[in-house]
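Numbering of the sequence shown is given in the numbering used here, commencing with residue 889 and proceeding in unit increments.
Worksheet: one structure, shown below.
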Amino acid sequence: MKNSNRCPKCLSQNIVRIPDDQRRYSSGNNIYTSKLTLISKIPVIRYVCCDCGYTENWVEKSSERGEIKKIYG
Ligand SMILES: [Zn+2]
């Protein structure tokens, strides 16, 4: 969906990118690489199909994916 700009479920192109909101203290969507500080959170960007509601989650930066692999891999 992120790459094709098309919903894999209903083939709609009515796709919206939902960025992480940095102002929120916590979000179920972020991945935390430290329990001590909120600075080390990794945003998870969502793509929502506005026709059927299907949602994808993406960690967009490869440096962030490397951090997740380091902590959780
Ligand atoms: Zn859809």
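Even glycine gets a Cβ: it sits at the ideal position worked out from N, Cα and C.
- Per the C-alpha coordinates, the member of 898, 944 and 958 positioned closest to residue 950 is 958.
- Cα atoms of residue 941 and residue 899: separation of roughly 12 Å, rounded to the nearest angstrom.
- With respect to the 8 Å criterion, residue 917 and residue 936 are not classified as neighbours on the basis of their beta carbons.
- Secondary structure of residue 953 (DSSP, three-state): helix.
- Annotation for residue 947: 919, 930, 931, 932, 933, 953 and 956 place their beta carbon closer than 8 Å to its own, counting only its chain and skipping 5 residues before and after.
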